[in-house]
Amino acid sequence: MTKILINNGRIIDPANNIDAIGPVCIADGKIVSVLEHAADFTPEQIIDASSQIVCPGFVDLSVRLREPGHTQKGNILSETRAALSAGVTSLCLPPDTKPCIDSPAVVEFIKDKAEKADYPQIHSIGALTQRLAGSELSAMFALKQAGCIAVSNASEPLGNLLILRRAMEYAATHDLLLMYRANEAALSGKGCAHEGAVASRYGLPGIPEAAESIALAQCLELAELTGCRVHISQISCKQSVIKLQQAKKYGLNVTADVAIHQLHLTEDNITPFDSNYHVLPPLRSAIDRQYLREGLVNGTIDAICSDHQPHDLDAKLGAFPETEAGVAALETLLPLTLALTQQHRIGLSQAIANLTCKPAHILGLASGVLTPGSAADVCIFDPQANWPVNRDNWLSAGCNTPYWQQTLTGRVTHTLLAGKPVYRLVELP
Amino acid sequence: MTRHIQLTEQGKLKHFLTIEGLDKELLTEILDTAESFAGMSEHQVKKVPLLRGKTIVNLFFENSTRTRTTFELAATRLSADVLSMNIATSATSKGESLLDTIHNLEAMHVDMFVVRHALSGAAHFIAQHTAPHISVINAGDGQHAHPTQAMLDMFTIRQHKKQFEGLKVAIVGDILHSRVARSQILALNTLGVAEVRVIAPKTLLPAQVKTMGVIPMHDMDEGLDDVDVVIMLRLQKERMNSAFLPSESEFFRCFGLTEAKLKRAKADAIVMHPGPINRGVEIASSVADGPQSVILQQVSNGVAVRMAIMSMAMHSQGGAA
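Top line first, the protein sequences correspond to chains A and B.
Position in the first sequence counted from 1, then plus 630, gives you this note's numbering.
Position 241 (the second sequence) corresponds to 238 in this note's numbering; numbering is contiguous.
Laid out in C-alpha cells, this is it:
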C-alpha cells in the first residue's frame, strides 16, 4: 500500500494532546508517526497541508443514509460520498430504515452496500424492539453478532416503561450500548415546534421540554437499576443538560450528544413557516441553546453529531406541520462546529474531540485518533476557506438545509480512509 | 419576512395572510375602505365593477359555510367571477398534493385564491409558491390566523366605540386552538387598545401566552371588570375528549357569559362572537340575543370588510379595473 506524507499541517489530535505543526507519516493504511518523520520513510505521495488542520476523521453518531427503503431521499452511495467530503470517516446508521434493522439480513445488506460504496465504516445500530414497534425485544444477540454497534428504537416510542426496563436488562446482558432518543410521546403528541413563544404566536402544535427531560430522567433511573450503558441521543433542552450533569456527577455511566444545528439555531429561526427549520427534537429557546453550549464546554455533552436526514423536495413542501422533520447536515458539520469555536469559547481541540475521539470512545471504537499503529482515518481541512452552500458544492441527495445559499467558513480538502486518499477537494475555476 | 411577503415594494397589500407585520395605517385603511362599502348592501344595486373580469377561487380545504359564503358575496359584489371549491372532499384526498392543486388552478389563469386550511402556515406556503400575479387571502389556517375575521371584528368595535385608544378588551374561551384570537390580539394591539385580557383555564391558553401582548386571567369576574368589549370564542366539542376540560357544564359555570357576569363589564360594553354559537356552553342565550350583543352585525360587516381586503389586494397587483 501507498506511503503518504502529510506535510506542514497543524496537527490536532485531542486524544494524544497534540496541537502542533509537523508531519504525519502513513504506511500500509496505518499511522506510522506523528510530528516526526519515520525512519527510512520514502513517501510515494506527499500532501501539502500548509495552513491547514490535520485531524482524525470524524465519527458521526447519527446519519440517515435512506437505504434501504427511502431511496427517493438518498442512498448509501450518495450519502457516503457526502460523508467523505465532510471528513466523516465512521458513521452510525439509526435502525429506522425500511425494513428496519431488526434482523441480521438487513445488517448484511447494509454491509454489502457499504463495501460496494468503499465506505466500510457504516456502523448499523440495531432495533431495540421488533419492527421498532416498541413491544417485543429484537434479537439483540444476533444483531450484535451480525455487527450492530449498539441498539436503539430510533425516534419510535416504546409501549411502556416495563418494556424499556426489560430491553435495557437484555441489552446489558449482551454488553450492548443503548442509544436512546428521549421523548415521552404522550407529551410531544403531534407537536412540530418548541412549546414556546413562537409556537404560541403561530398556533403550531408544541412540544414541551418536559417531553424530553421526563423521558431522559426515566431512562437514567432505569440505567441505574439495570446497569445498562446508555447514550442519550440529540438532546435539545436545558433540563436535559441539568439532569445529565447531575447523573454524571453521581457517577452514572452515561454519555450524550447534541445535533450541531441545536447549538446554532433557535425557535425564532422557524418564522414565519420555513420547513427547513422543522426538526425533531424541535429548535428550542435561546436559553436552552445556551445550556447546550455550556454543557458541551463543561463535558456534560460528550459529542456533536450531524443528525443528517436528507429529504426529497416533496418532503419539505407543504404547510409546516405536515412537512417531514430533519436537515441534511453532513456537509455543514465542520463549518458549523468551527463557527462555535470562534463565537462561543469552545476550544478548537475540544470541538475536534467532540467530533472524533469522544464519539469513538462512546462506541468503543479505536478510531478518532492519530496514534501510531491505528488506522489512518484522517481529515485535512482549511479553516479559513469560504464556500457557498449550493448544488455545485453539495454531494448529499438532500438539499434540505437552512444554510442553503449561505457562505460558510471551513472546508475539508482531503479525506483518507485507512490510509487511502478517498476525497480531495477540487476547486472550481 | 411576514411583512415582506404580504406587501408590495410600495408597501401596498398584496397577500393578506396574517395581521403580523401590518401597521396601524394599513389596518385603518382597510377599515376605512370597508366603511365605504358598508352602506352598499342597502342600495338597490349592490354591485361595484371594481374587480370585473377577475377570477377568484375560494379554496376550502376545511369546511365552512359562513366564511365561504361571505367571501363569495364579497367577490360577487365586486363583480368578480367566483369559483368555490371544497377540497376537503376533492382532489387532495385522492393523493394530489397541495401544490399540484394550486398549480392546476394557476394554469386556468385565476387572479386570487381565498384559502382555508386545517394546518397552520398553509396560506403562507401557498403565497410563497403561487405565480407572482396571484393574491392569496387567508380565510383561516390551522390555529395560526384568521385575519379577515379579526378585521371585521375591529370594524364592528370601531362602529360602536369610535376609536381603539383606551379600550379594554377581554377574549374568553379556547385561546389555545383559536386562530381568531391570535389575529384579534395582533390587530387590537396594533390599533392601540389599552389592554387585551385573555380569560381561560390554563389548559386552553398557549404556553407562552404572556409573550403575545395579553394579560392572562382565569376568573371571569375579575377579567370582565370594567371592560369595553367582550369577545367570546367557540368551544369545540372535541376538547372534552382530550382532557382539556371536564365538561361543558363546568366550562359554562366558570367561563360562560351570563347576564350576571356581564354586569362586571362597563354598562355600554359590547358582546361579540365569531360564530357559530354554542348556546349554554360559552354564552347564555339571553346574552347572545340581548341588547349588548353585536354578533349579527359582525356577520353583516364581514362582507364589507372582505370586499375592502379583496379590492385592496387586487389594486396593488395593478390589475383592478
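The C-beta atom is built at its ideal place from N, Cα and C for all residues, glycine as well.
Within chain A, partners of residue i - CB distance below 7 Å
i               : result
A119 of chain B : A949
H12 of chain B  : In chain order: nothing, as chain A lies at least about 12 Å away.
F122 of chain B : F903, G948 and A949
Contacts that residue i makes with chain B (C-beta to C-beta distance below 9 Å)
i               : result
L943 of chain A : In chain order: nothing, as chain B lies at least about 10 Å away.
G821 of chain A : Within 9 Å Cβ-Cβ: nothing; G821 of chain A doesn't reach chain B, min ~11 Å.
Burial state of residue i, where buried means 16 or more other Cβ atoms lie within 10 Å
i                : result
N101 of chain B  : exposed
L792 of chain A  : exposed
I976 of chain A  : buried
R923 of chain A  : buried
S239 of chain B  : exposed
G1049 of chain A : buried
K674 of chain A  : Note that residue 674 of chain A is Glu in the sequence shown here, rather than Lys. Counting Cβ neighbours within 10 Å, E674 of chain A comes out exposed, since fewer than 16 surround it.
P288 of chain B  : exposed
K44 of chain B   : exposed
N1020 of chain A : exposed
A959 of chain A  : buried
T1037 of chain A : exposed
N647 of chain A  : exposed
A669 of chain A  : exposed
A317 of chain B  : Residue confidence is low: A317 of chain B scores 42 on pLDDT, short of 50, so the model does not pin down where it sits. Its coordinate-derived value is still stated next. Looking at its Cβ environment, which holds 16 or more other Cβ atoms inside 10 Å, A317 of chain B is buried.
H141 of chain B  : buried
F771 of chain A  : exposed
Q41 of chain B   : exposed
R63 of chain B   : exposed
R49 of chain B   : exposed
A191 of chain B  : exposed
R65 of chain B   : buried
Interface partners of residue i on chain A, CB under 9 Å
i               : result
L95 of chain B  : L947, G948, A949 and E952
H100 of chain B : None at all; the shortest Cβ gap to chain A is about 11 Å.
Contacting residues, own chain, Cβ-Cβ under 8 Å from residue i (five flanking each side not counted)
i               : result
E897 of chain A : A823, H824, G826, A827, V828, A829, P912, L913, R914 and S915
K9 of chain B   : M309, H312 and S313
G103 of chain B : According to the sequence displayed, residue 103 of chain B carries Glu and not Gly. These residues qualify, in order along the chain: T127, A128 and I131.
S782 of chain A : P724, P725, I755, G756, A757, L758, L808, M809, Y810, R811 and S863
L794 of chain A : L788, Q848, C849 and L852
G833 of chain A : none
H106 of chain B : T52
P902 of chain A : Y832
Per-residue contacts from residue i into chain B (C-beta, under 8 Å)
i                : result
Y1033 of chain A : In chain order: nothing, as chain B lies at least about 17 Å away.
Chain-order list of residues whose beta-carbon lies under 6 Å from that of residue i (same chain, five-residue window excluded)
i               : result
V300 of chain B : T67, L70 and A71
A845 of chain A : A812, N813 and E814
I212 of chain B : R194
T153 of chain B : V291, Q294, Q295 and N298
A744 of chain A : P750 and I752
S708 of chain A : A1027
C867 of chain A : E839, E842, R914 and D918
H270 of chain B : M229 and I292
Contacts of residue i in chain B (Cβ-Cβ under 7 Å)
i               : result
A827 of chain A : Q205 and T208
Residues that residue i contacts on chain A, provided the C-beta gap is smaller than 8 Å
i               : result
H114 of chain B : A949
Other residues of its chain near residue i: CB distance less than 7 Å, five sequence neighbours each side excluded
i               : result
S282 of chain B : R276
T986 of chain A : P644, C685, P686, F688, V689 and G998
A124 of chain B : I2, H12, L14 and V133
Quiz item: What residue ranges within the segment 664 to 745 of chain A form continuous beta strand (DSSP E) runs of no fewer than 3 residues, ordered along the chain?
Solution: 675 to 678, 683 to 686, 688 to 690 and 718 to 723
Exercise. Residues of the segment 193 to 221 of chain B with a CB closer than 8 Å to any CB of chain A: list them in chain order, please.
Key: Listed by position, the residues of the segment 193 to 221 of chain B near chain A (Cβ gap below 8 Å) are P203, A204, Q205, V206, T208 and M209.
Quiz prompt | Residues from the segment 133 to 153 of chain B in contact with chain A, defined by Cβ distance under 8 Å | solution = For the segment 133 to 153 of chain B, which is checked against every Cβ of chain A, the residues closer than 8 Å are D138, G139, Q140, H141 and A142.
Quiz item: For the segment 809 to 876 of chain A, which segments carrying the beta strand (DSSP E) assignment without a break, of at least 3 residues, lie completely within its bounds, in sequence order?
Solution: 860 to 862
Quiz item: At a Cβ cut of 7 Å, what residues of the segment 161 to 189 of chain B count as close to chain A, listed as they run along the chain?
Solution: Within the segment 161 to 189 of chain B, the residues whose Cβ lies closer than 7 Å to some Cβ of chain A are R176 and R179, listed in chain order.
Self-check item: chain B contacts made by the segment 830 to 848 of chain A, where a contact means CB separation under 9 Å
Solution: S830, R831, Y832, G833, L834, P835, G836 and P838
Quiz item: Name the residues in the segment 26 to 60 of chain B whose C-beta lies less than 9 Å from a C-beta of chain A; which are they?
Solution: none
Quiz item: Hey, which unbroken runs of the beta strand (DSSP E) at 3 residues or more fall wholly within the segment 113 to 176 of chain B?
Solution: Correct list: 132 to 138 and 165 to 169.
Quiz item: Which parts of the segment 185 to 260 of chain B are runs of the beta strand (DSSP E), unbroken and 3 residues or longer, counting only runs that do not cross its ends?
Solution: If we require 3 residues or more, the beta strand (DSSP E) runs fully inside the segment 185 to 260 of chain B come out as 192 to 196, 212 to 214 and 226 to 229.
Quiz item: Considering only residues of the segment 276 to 313 of chain B, which uninterrupted beta strand (DSSP E) runs meet the minimum length of 3 residues and lie entirely inside it, listed in chain order?
Solution: none
Exercise. Could you name each continuous alpha helix (DSSP H) segment of 4 residues or more that falls completely within the segment 2 to 61 of chain B, going from the start of the chain to the end?
Key: 21 to 35
Practice problem: Would you list, in sequence order, the uninterrupted alpha helix (DSSP H) runs of no fewer than 4 residues that lie entirely inside the segment 770 to 812 of chain A? | Solution: 770 to 776 and 791 to 803
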